[in-house]
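Worksheet: one structure, shown below.
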Amino acid sequence: MAWYDVNARRLPWRALPGEPAPDPYRVWLSEVMLQQTTVAAVRAYYAKFLELWPTVDALAAAADADVMAAWAGLGYYARARNLLACAREVARRGGFPQTEAALRELPGLGAYTAAAVAAIAFGQRAVVVDANVERVVSRLFAIGEPLPGGRTAIRAETDTITPDARAGDFAQAMMDLGSSICTVKSPRCLLCPLADACAARVAGTAEAYPVKAAKKAKPTRSGTAFWIEQDGAVLLVQREGKGMLGGMRALPDDGWSARADGHRTPPVTGEWRSAGVVRHGFTHFDLELQLMLCPGADCATLPVGEFWPVDAIEAAGLPTVFAKAARLALAHR
DNA sequence: GACTCGTGGCC
DNA sequence: TGGCCAAGAGT
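The following block contains the structure:
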């Protein structure tokens with residue numbers, strides 16, 4: 001805690017050490033955005049969301065498409081769907097619940113986020129374990145069991161060192177320590193306030209922790225996206241359901257997925273020509289996306305969608321793979 | 001417990 | 001340059 005009092009990062013969603021907790025809405029919004037996402041990537045989105053929707057009630061009243069478009073580019077779009085569902089539930093209840101168990105019931109709040117909001121926004125003791133804490137604690141106690149199995153022991157040890165007082169500051173101190181000192185590569189043990197207590201440091205093997213299970217190989221899939229333009233506007237569709245990129249605006253495609261290649265068949269007849277290929281890496285597969293253009297598509301049998309002005313394509317809120325395809329299309333018109 | 005689900009920075 | 005990784009959650 002003494003280290004944190006001096007070294008705490010200044011972040012837009014964070015109170016200074018010892019200061020009153022921020023608005024729970026801001027804590028929750030930042031925590032959801034920060035799930036598997038770097039601070040640098042979150043900053044601009046956090047500012048944009050606060051400007052568009054300053055309160056949880058404002059967010060609850062927003063249109064789905066506006067929220068999805070505002071989230072475009074940040075990734076893991078289930079977070080945006082759950083964010084809106086959660087905001088509406090909280091607005092209906094008249095505010096955020098203030099216990100970890102009740103927070104855990106809200107959409108998009110798992111073990112980590114429920115504990116983090118309980119501690120940071122409401123000052124409650126909670127065992128907050130994110131990837132930073134996993135790294136710090138696995139080194140501190142030299143826990144050699146590979147993740148994910150090792151998480152049970154890591155959580156138990158984190159519980160033993162979590163204080164009752166300043167719950168939020170403790171959680172953020174551990175995360176700051178992990179992000180700035182106890183780093184994945186080349187940890188700065190000489191600057192670490194826990195160096196003398198750290199079993200891995202004493203053994204000279206800090207960088208070997210946490211041990212992780214081997215990763216599965218990533219397949220490469222091929223697919224096709226179709227650029228159908230009429231009168232300066234391009235046809236966009238809304239992706240269905242809760243699957244990949246679900247709820248997002250997108251170009252029509254040929255059904256490619258993580259499991260299978262696309263069928264390559266255009267949605268409408270016409271004189272299609274290739275505009276090139278977009279390469280994009282997702283978490284669990286790589287995609288080679290062919291982009292097809294058709295100057296004179298058959299208007300009679302268009303897929304369901306909306307024509308979006310090409311000049312304003314940036315405002316459509318396309319996920320990155322389709323934003324790349326749109327840039328390629330504009331270069332080939 | 002295994003799988004699915006984005007993106008960008010880093011070395 | 002490519003593999004690794006990040007303030008994980010839901011199924």
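Residue numbering for the first sequence follows full-length UniProt numbering, beginning at 1 and increasing consecutively.
The beta carbon of each residue, even a glycine, is placed where N, CA and C say it ideally should be.
Notebook entry, point to check: In the DSSP assignment, what are the bridge partners of W71?
Noted result: According to DSSP, W71 bridges with nothing at all.
Check: Got a sec? Which residues, its chain only, sit under 6 Å from A225 by beta carbon, not counting five neighbours each side?
Finding: Excluding its 5 nearest sequence neighbours in each direction, A225 has C-beta neighbours in its own chain below 6 Å: L251, D253, L289, L291, A325, listed in chain order.
Item checked: Buried/exposed call for M248, threshold 16 Cβ in 10 Å -> Here M248 is buried, its C-beta having at least 16 other C-beta atoms within 10 Å.
Margin query: On the CB-based measure, 16 or more other CB atoms within 10 Å of its CB, does V27 come out buried or exposed?
Written below: Looking at its Cβ environment, which holds 16 or more other Cβ atoms inside 10 Å, V27 is buried.
Note to self: So, under 8 Å CB-CB, R273 and L293 are touching, yes? Tell me the CB distance rounded to an integer number of Å.
What the structure shows: Contact between R273 and L293 holds, with the beta-carbon distance rounding to 6 Å and staying under 8 Å.
Note to self: Is the separation between the beta-carbon of V237 and that of W227 shorter than 9 Å?
What the structure shows: No, Cβ-Cβ distance for V237 and W227 is not below 9 Å.
Item checked: H263, DSSP secondary structure in three states -> Collapsing the DSSP output to three states places H263 in coil.
Item checked: Length of the line joining the Cα atoms of A153 and P267 -> If you draw a straight line from the Cα of A153 to the Cα of P267, it is about 52 Å long.
Notebook entry, point to check: Residues in its own chain within less than 6 Å of V137 by CB, not counting five upstream and five downstream?
Noted result: Excluding sequence neighbours, V137 sits near I154, E157, T158.
Notebook entry, point to check: How many Å lie between A87 and A60 at the Cα?
Noted result: Rounded to whole angstroms, A87 to A60 spans 5 Å at the Cα level.
Check: Leaving out five residues before and five after L34 in sequence, what residues of the same chain have Cβ atoms less than 8 Å from its Cβ?
Finding: Closer than 8 Å at Cβ, skipping near neighbours: V42.
Next item on the list: Given a cut-off of 9 Å, decide if F122 and Y25 are closer than it, judged by their beta-carbon atoms.
Entry: No, the pair does not count as a contact, with Cβ atoms beyond the cut-off.
Item checked: Burial state of T220 (16 or more Cβ within 10 Å) -> Result: exposed.
Notebook entry, point to check: Where does T269 fall in DSSP's three states?
Noted result: Looking at T269 - three-state DSSP - the assignment turns out to be coil, as it is neither helix nor strand.
Margin query: Is it the case that the stretch 160-178 contacts the stretch 123-135, given that we only count it when at least three CB pairs across the two stretches are under 8 Å?
Written below: Yes, they touch.
Next item on the list: Would you mind stating whether residue 337 and L83 have Cβ atoms separated by less than 9 Å?
Entry: Only positions 1 to 333 of the chain appear in the structure, and residue 337 is not among them; the question remains open.
Note to self: Extract the residue ranges of the beta strand (DSSP E) inside the UniProt domain "HhH-GPD" (33-180), only unbroken runs of 3 or more that lie entirely within it.
What the structure shows: List check, beta strand (DSSP E) in window: nothing returned.
Item checked: Cross-strand partners of E306 (DSSP beta bridge) -> Answer is L236.
Check: Going by Cα to Cα distance, which pick from A167, K212, M68, A102 is closest to R135?
Finding: Nearest of A167, K212, M68, A102 to R135, Cα basis: K212.
Check: D286 lies in the beta strand (DSSP E); which residues open and close that run?
Finding: For D286, the enclosing beta strand (DSSP E) starts and ends at 286-294.
Next item on the list: Measure the CB-CB distance between A260 and F282 and report whether it falls below 9 Å.
Entry: The criterion of a C-beta distance shorter than 9 Å is not satisfied by A260 and F282.
Note to self: Quick check on the burial criterion: 16 or more other C-beta atoms within 10 angstroms. Buried or exposed for L29?
What the structure shows: So L29 ends up on the buried side.
Checklist line | Beta-carbon spacing of V32, T113 below 9 Å | finding: Between V32 and T113, the CB-CB gap stays under 9 Å.
Next item on the list: Please classify L52: is it buried, with 16 or more other beta-carbons within 10 angstroms of its beta-carbon, or exposed?
Entry: With fewer than 16 other Cβ atoms within 10 Å, it is exposed.
Next item on the list: Run the proximity test for L29: is its beta-carbon closer than 8 Å to any non-hydrogen atom belonging to the ligand ADP?
Entry: Of ligands this structure carries none, so the ligand ADP is not represented either.
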